[in-house]
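Counting from 1, position 262 in the sequence shown corresponds to residue 262 in UniProt numbering; the numbering is continuous, with no gaps. First the structure, in the form of structure tokens, and then the observations on it.
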Amino acid sequence: MTAFEMRKFVADVSNSRQSRNKCSNDDYDSLAMSAEWTAAIYHTNSSVVIGPPCGESKGRRQRKRGSSRSKECPSTQELQNSLRQAQKLLASHEASYLQSLRSLKRKISQLQNSTARVPAKPSNAFCPKLDAPLNGRKLGKGLLLGHEVHFLCDSGYELVGSETRQCKESLTWSGQQPVCKEINECASSPCANGGSCTDEVKGFTCVCARGWAGHTCQSPTPTFFVTTTNISTATSGAAAAATSFPLTTLLPFVQPSKCVQVQGTTHCTCQAGYTISGRDTSICTDIDECEVFNNGPAGRLCLHACVNTPGGYRCSCPAGYEMSQDGRSCRDIDECTTRQDNCTRDRLCINTYGGFQCVKVECPRIRNVTYVKTSPTRCERNPCPVDNKVCSQAPNSVTYHHMSVVSNLSAPRVMFRVSSVRMIGDTLRFALLGARGRRHFTIQRSERQTGELLLLRPMQGPDTIEVQVEMSELEKRVQIGRYITKLTIFVSQYEF
Numbered sequence: 001m002t003a004f005e006m007r008k009f010v011a012d013v014s015n016s017r018q019s020r021n022k023c024s025n026d027d028y029d030s031l032a033m034s035a036e037w038t039a040a041i042y043h044t045n046s047s048v049v050i051g052p053p054c055g056e057s058k059g060r061r062q063r064k065r066g067s068s069r070s071k072e073c074p075s076t077q078e079l080q081n082s083l084r085q086a087q088k089l090l091a092s093h094e095a096s097y098l099q100s101l102r103s104l105k106r107k108i109s110q111l112q113n114s115t116a117r118v119p120a121k122p123s124n125a126f127c128p129k130l131d132a133p134l135n136g137r138k139l140g141k142g143l144l145l146g147h148e149v150h151f152l153c154d155s156g157y158e159l160v161g162s163e164t165r166q167c168k169e170s171l172t173w174s175g176q177q178p179v180c181k182e183i184n185e186c187a188s189s190p191c192a193n194g195g196s197c198t199d200e201v202k203g204f205t206c207v208c209a210r211g212w213a214g215h216t217c218q219s220p221t222p223t224f225f226v227t228t229t230n231i232s233t234a235t236s237g238a239a240a241a242a243t244s245f246p247l248t249t250l251l252p253f254v255q256p257s258k259c260v261q262v263q264g265t266t267h268c269t270c271q272a273g274y275t276i277s278g279r280d281t282s283i284c285t286d287i288d289e290c291e292v293f294n295n296g297p298a299g300r301l302c303l304h305a306c307v308n309t310p311g312g313y314r315c316s317c318p319a320g321y322e323m324s325q326d327g328r329s330c331r332d333i334d335e336c337t338t339r340q341d342n343c344t345r346d347r348l349c350i351n352t353y354g355g356f357q358c359v360k361v362e363c364p365r366i367r368n369v370t371y372v373k374t375s376p377t378r379c380e381r382n383p384c385p386v387d388n389k390v391c392s393q394a395p396n397s398v399t400y401h402h403m404s405v406v407s408n409l410s411a412p413r414v415m416f417r418v419s420s421v422r423m424i425g426d427t428l429r430f431a432l433l434g435a436r437g438r439r440h441f442t443i444q445r446s447e448r449q450t451g452e453l454l455l456l457r458p459m460q461g462p463d464t465i466e467v468q469v470e471m472s473e474l475e476k477r478v479q480i481g482r483y484i485t486k487l488t489i490f491v492s493q494y495e496f
């Protein structure tokens, strides 16, 4: 029964009671007992209840017709009061229902209007195609919403602009179109001793000042001196006179010369490694090969140090090196392999050029985050507690690498590569952390899942440089993992 039908029923019952003053049994039966159940309406806890009148069924009332009534039927006035209260209750429910219905209609109308104002985008909407920069490449062909493309430059060029661009909801690309700019190798002034630098693709050339030579004008060119002897004849009776142009440096290594008379002419000679110096032809002076030939056009006599000896020379190497079989080159001694180190068991022995380093690898210490060492150089994060944002944003793993290089290593060159064996998300991003590493390095993408650490300018030793490379994995622009690679570079003080 609807609210309207209930109100009509109550009104009909109320009108039928207007002419009656008492509730007699016969009248009551003829009016209200048209069915087995009588619609006697009354209130119980603010609800309408329909049931048999006076708490009795029709059969029970007929059996007790002759007896005295212990229970009186409600009077007409009481019944009308109950009906009026029922009407008020129904009216209140009806008003509340209508108000809720109007509010619902209003919200539906607002939703329809707001939906109509937003233009529907076609399912095949895409961003305009992007071109690869000159002297560079583009990785990624996706043009749909949320897709990313990556840019990288050829060797000898550096990227200026956005390395990664993403298709936005406005169907435009984020960031700016990058360009590949040639790296100016001369910016670091690699030419020494007054040499002028000429920038070239993938390198540079030094034009050295007078008196200097080498790739970076680092080696002085020697000045050669020649000794000549004026030989007198026996007929003239004049003594032999020697005219000498001294060497750059004369050492006090002398020995007598060997002279012979040939057809009245005196010829004096010296042993190998000696020469006649001055007017006295009877004395031979040692030639300082280290000074004369060390920086000649044919190259240095020794890779490291040259030691002059009477009549010759020998090469020497610094501590941590040993002489090679050619007698002039120096070969690094691997103290770690030959067990010449003094590293304890809890430290790693890292061989360097000319020495070694004892390195202790420790996992990161972050509050509410714990790591476990899965290998001597790798730490992995334990599972995070629920709702721990600090833990979820911490790196999933930290890997430690160590590298030994010589001083003044030529640049640019790729020093290290970071890649993902398997990829869960849809995007990988590479970044260089820390300020000091940016002085010498930059990070660039070589393939979709590989990043390269590129050396921009030479490193002068001795020095220790730490670089951190971050690889982030994303799924629909939401970060799902971070992986840190910490690279420690030990730069030797020597160029070998």
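The C-beta atom is built at its ideal place from N, Cα and C for all residues, glycine as well. In this text, all values refer to a predicted model and were calculated from it rather than measured experimentally.
Exposed or buried, what is residue i when buried is set at 16 or more other beta-carbons lying within 10 Å of its beta-carbon?
i	result
R445	buried
Y97	exposed
L409	buried
P376	exposed
T235	Residue confidence for T235 is low, a pLDDT of 35 falling below 50, so the modelled location carries little weight; the figure read from the coordinates is stated next. The residue in question, T235, is exposed, as its Cβ has fewer than 16 Cβ neighbours within 10 Å.
Q18	For Q18, the pLDDT reaches just 48, beneath the cut-off of 50, and the residue's location in the model is therefore unreliable, leaving the point undetermined.
I424	exposed
H440	buried
G320	buried
S324	exposed
V372	exposed
S82	buried
D368	Going by the sequence as given, residue 368 is Asn instead of Asp. Exposed.
K476	exposed
H93	exposed
G387	In the sequence as presented, Gly is not what sits at residue 387; that position holds Asp. D387 is exposed by the Cβ-count criterion.
A239	Only weak support exists for where A239 lies, its pLDDT of 40 falling under 50; the value from the coordinates is given anyway. The residue is exposed, with fewer than 16 neighbouring Cβ atoms inside 10 Å.
T485	buried
L455	buried
N230	For N230, the predicted structure reports a pLDDT of 41, less than 50, and the residue's modelled location is therefore unreliable. A value from the coordinates is still provided. Looking at its Cβ environment, which holds fewer than 16 other Cβ atoms inside 10 Å, N230 is exposed.
When the Cα atoms are used, what is the spatial distance from residue i to residue j?
i	j	result
C349	V406	18 Å
S392	A305	56 Å
S162	D131	13 Å
Q85	P385	59 Å
S189	C217	11 Å
Q87	S170	59 Å
T399	R345	20 Å
S67	L79	Bear in mind that the predicted position of S67 carries a pLDDT of just 45, short of 50, making it too unreliable to give a figure here.
V478	T427	10 Å
L432	R210	42 Å
F496	R417	24 Å
T488	P178	31 Å
G156	A394	35 Å
residue 533	C358	Since the first residue of the chain shown is 1 and the last is 496, residue 533 is not available in this structure.
C208	H215	9 Å
L451	S419	A small fix is needed here, since residue 451 is Gly in this sequence, not Leu. Near 6 Å, if we compare the C-alpha coordinates of S419 and G451.
L89	Q77	18 Å
Q261	S277	20 Å
D332	A411	23 Å
N351	K141	44 Å
C302	N382	55 Å
Cβ of residue i versus every heavy atom of the ligand FAD: is any distance shorter than 7 Å?
i	result
W173	You won't find the ligand FAD in this model; it holds no ligand whatsoever.
Helix or strand or just coil, what does DSSP make of residue i?
i	result
E362	coil
S75	coil
C186	helix
K389	helix
K88	helix
I287	coil
K107	helix
S155	coil
V421	coil
C213	According to the sequence displayed, residue 213 carries Ala and not Cys. A213 falls in the strand class under three-state DSSP.
R345	coil
H402	strand
S114	helix
G97	The amino acid at residue 97 is misidentified as Gly; the sequence shows Tyr. Looking at Y97 - three-state DSSP - the assignment turns out to be helix.
R65	Residue placement at R65 is poorly supported in this model, since its pLDDT is 48, which falls under 50; the coordinates still yield a value, given next. In this structure, R65 counts as coil in the three-state DSSP scheme.
Going by Cα to Cα distance, which pick from the options is closest to residue i?
i	options	result
C259	K105, S277, S282 and G273	S282
Q255	G451, G278, G264 and T285	T285
R413	C153, K141, L139 and V390	C153
Q493	M471, E475 and G461	G461
residue 528	G140, L453, T370 and R436	What the structure shows of the chain is the stretch from 1 to 496, and residue 528 is not part of that stretch, so it cannot be assessed.
S490	I484, V469, G481 and I465	One point to set straight first is that residue 490 is Phe, not Ser, in the sequence displayed. Cα-wise, what sits closest to F490 is I465.
N135	G195, N351, T275 and E182	E182
C180	V160, G481 and S114	V160
V467	Q110, T442 and F293	T442
| said: Check whether the segment 167 to 181 and the segment 190 to 201 are in contact - that is, three or more C-beta pairs closer than 8 Å. | reply: no
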